[in-house]
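Engineer: Residue numbers (the numbering used here): 650 to 805.
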């Protein structure tokens, strides 16, 4: 084994003491060492401590104004998916990140910025403004517009 190759193996950070990870000359693993899928699945020897209930799923669907699946198989699959996501979030919450860690990247690239318009109102006397606009609405309730819902109401 060449000296450079041994150096690459020594520089590689391993997460398991039982095996060395083979790396490229740049110190990158040749094969994936983990995946998000491994973090979403609860190990067989460890039961999920908290599972979402059907009532909680129904409540979430109402809040999001989504239709709850009708087939028991679909409900069970959705329940498993939500529990896998919750298990993954536990890994994110438990990640130890030093308090002085800087963000890796900003929302905008350094050379890209938003173009802002001048914030000057361009109103003339003939434009309707404020509550005057309510006179053009088909349906109002007091000083509010009323919009017809396209989703069925889930009144309890």
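Even glycine gets a Cβ: it sits at the ideal position worked out from N, Cα and C.
DSSP three-state call for residue 707: helix, strand or coil?
Structural biologist: Looking at residue 707 - three-state DSSP - the assignment turns out to be helix.
Engineer: Need the endpoints of the alpha helix (DSSP H) that residue 722 sits in, please.
Structural biologist: 721-743 is the extent of the alpha helix (DSSP H) around residue 722.
Engineer: Can you list, in chain order, the residues of its chain with a C-beta nearer than 6 Å to that of residue 774? Leave out the 5 residues immediately preceding and following it.
Structural biologist: Excluding sequence neighbours, residue 774 sits near nothing in its chain.
Engineer: Starting from the Cα of residue 721, find the closest Cα among 703, 710, 736, 734 and give me that residue.
Structural biologist: Residue 721 has its Cα closest to that of 703, out of 703, 710, 736, 734.
Engineer: Quick one: residues in its chain with C-beta nearer than 6 Å to the C-beta of residue 688, no 5 flanking neighbours on either side, listed in chain order?
Structural biologist: Contacts found: 737, 740.
Engineer: Of all the alpha helix (DSSP H) runs that stay within the bounds of the stretch 761-798, which reach a length of 4 or more residues?
Structural biologist: Segments of the alpha helix (DSSP H) lying fully in the stretch 761-798: there are none.
Engineer: Can the beta-carbon of residue 727 be found less than 8 Å from the beta-carbon of residue 718?
Structural biologist: Contact: yes.
Engineer: Where does residue 672 land, buried or exposed, given buried means 16+ other C-beta within 10 angstroms?
Structural biologist: Residue 672 comes out buried.
Engineer: Just how far apart, CA to CA, sit residue 763 and residue 750?
Structural biologist: Residue 763 and residue 750: Cα-Cα distance of roughly 26 Å.
Engineer: Please report the distance separating the alpha-carbon of residue 782 from that of residue 797.
Structural biologist: Going from the Cα of residue 782 to the Cα of residue 797 covers about 18 Å.
Engineer: I think residue 807 touches residue 732, with their Cβ atoms under 8 Å apart; what is that distance to the nearest whole Å?
Structural biologist: An answer regarding residue 807 cannot be provided, because it is not within the stretch 650 to 805 covered by the chain.
Engineer: Using DSSP with H/G/I as helix, E/B as strand and the rest coil, what is residue 659?
Structural biologist: Unreliable positioning characterises residue 659 in this predicted model, as indicated by a pLDDT of 46, which lies under 50. A coordinate reading is not provided.
Engineer: According to DSSP, what are the bridge partners of residue 672?
Structural biologist: Answer by DSSP bridge pairing, in chain order: 678.
Engineer: Do you know offhand how far residue 681's Cα is from residue 711's?
Structural biologist: Going by the C-alpha atoms only, they are around 40 Å apart.
Engineer: Measuring only the C-alpha atoms, how far is residue 787 from residue 743?
Structural biologist: If you take the alpha carbons of residue 787 and residue 743, they lie about 52 Å apart.
Engineer: Using the C-alpha atoms, what's the distance from residue 745 back to residue 752?
Structural biologist: The straight-line gap from Cα to Cα measures roughly 15 Å.
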